[in-house]
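Per the working numbering, residue 1 is the first one in the sequence shown, and the count goes up by one each step.
Below: one structure, written as C-alpha cells.
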Amino acid sequence: MSMTGPSMVELPSGRRVAALGQGTWKMGESPAARRDEIAALRRGIDLGMTLIDTAEMYGDGAAESLVGEAIAGLGDAVTVVSKVLPSNASPAGTVAACERSLKRLGRERIDLYLLHWRGRWRLADTIGAFEALKAQGKIGDWGVSNFDLADMEELAELPQGAACATDQVY
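Right, dumping it as C-alpha cells:
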C-alpha cells in the first residue's frame with residue numbers, strides 16, 4: 001500500500017502539519033511490545049502519518065522514549081506533539097518537564113507542546129513558560145488539550161492567548 005500522505009493543516013504560526021497522525025497513549029507500558037510498537041510507528045511514518053502525539057504521562061515517559069527511538073535520524077520529517085501534566089505546569093515545572101521530554105525524545109525541539117488539561121497552576125503562568133520555551137527554540141508552537149469552552153474563553157482573554165495553536169480534544 002502506498003500513500004502520498006495526509007492532507008496538511010496550517011497552524012496560526014503558519015507551520016504546516018499533517019492532518020492525520022499517530023497517537024501513543026498506552027504505548028511504552030509493556031517492554032515485550034516495544035519492538036512491535038516502534039515498528040508500528042515507523043510503518044505509519046512510511047505511510048505518510050508523520051505527526052506523532054505523545055505525552056510525559058504516557059507510560060511515565062516510556063512512550064516518549066519509544067517515539068524517540070522510532071524517529072531517530074528522521075529529523076524534521078516528523079512532527080512531534082507532546083504534553084505537560086497539569087501537576088508540572090508551574091512556570092519552572094513546565095520548563096523542567098519540557099527538558100525531560102526533549103531528552104527522552106532525543107530532540108532539540110518539540111514541534112507542538114500542549115498543557116494536557118487544566119490544573120491548579122494559573123493558566124497565564126503556564127502560557128508564560130510556553131512562550132519562554134518558544135523563545136529559546138525548545139518548542140515550535142504551543143497549545144492546550146482537553147479544554148472546554150469556558151477554558152478556551154479564559155485562554156482567549158490572556159495577552160498571549162491568540163498564540164494558542166490548538167485545543168486537542170479528547
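Where a beta carbon is used, it is the ideal one built from N, C-alpha and C, also for glycine.
Ordered along the chain, which non-local residues of its own chain (more than five positions away) have a Cβ less than 7 Å from that of residue i?
i: M3; result: With a pLDDT of 41 at M3, under the threshold of 50, the modelled position of that residue is not reliable, and no figure is offered here.
i: Q160; result: I127, E131
Please work out which residues of its chain come closer than 8 Å, Cβ to Cβ, to residue i, disregarding the five sequence neighbours upstream and downstream, and give them in chain order.
i: A42; result: Checking the sequence shown, residue 42 turns out to be Arg, not Ala. A70, listed in sequence order.
i: L155; result: L123, I127, V144, F147, G161, C164
i: G119; result: L85, P86, S87, A89
i: L11; result: V17, L112, D141, A165, T166
Just tell me which of the options has its CA closest to the CA of residue i.
i: I127; options: P91, T54, M152; result: P91
i: L133; options: V67, R109, E153; result: R109
i: S13; options: V169, L158, I139, L149; result: I139
i: T50; options: G93, T79, R35, S7; result: T79
i: G73; options: V95, I45, P86; result: I45
i: A129; options: S101, Y170, A96; result: A96
Using a Cβ-Cβ cut-off of 6 Å (strictly less than) and excluding sequence neighbours within five positions of residue i, which residues of its own chain qualify?
i: D53; result: G21, G23, V81
i: G61; result: R104
i: E64; result: T54, S101, R104, L105
i: W121; result: A89, S90
Bridge partners of residue i, per DSSP?
i: L114; result: K83, G143
i: R16; result: E10
i: G23; result: D53
i: D167; result: V144
Can you round the beta-carbon distance between residue i and residue j to whole angstroms, since I take them to be within the 8 Å contact cut?
i: D111; j: D151; result: Contact doesn't hold; Cβ gap of about 23 Å is too wide.
i: V17; j: E56; result: With a Cβ gap of about 20 Å, V17 and E56 do not count as contacting.
i: G106; j: G68; result: 4 Å
i: A115; j: P86; result: The residue you asked about is not Ala; residue 115 is Leu in the sequence shown. Sure, about 7 Å apart at Cβ, within 8 Å.
Quick one: is the Cβ of residue i within less than 7 Å of any heavy atom of the ligand ATP?
i: G106; result: Ligands displayed in this structure: none; no statement on the ligand ATP is therefore possible.
Q) Which full runs of the alpha helix (DSSP H) of 4+ residues lie inside the stretch 136 to 165, going along the chain? A) Fully enclosed alpha helix (DSSP H) runs of 4 or longer: 149 to 157.
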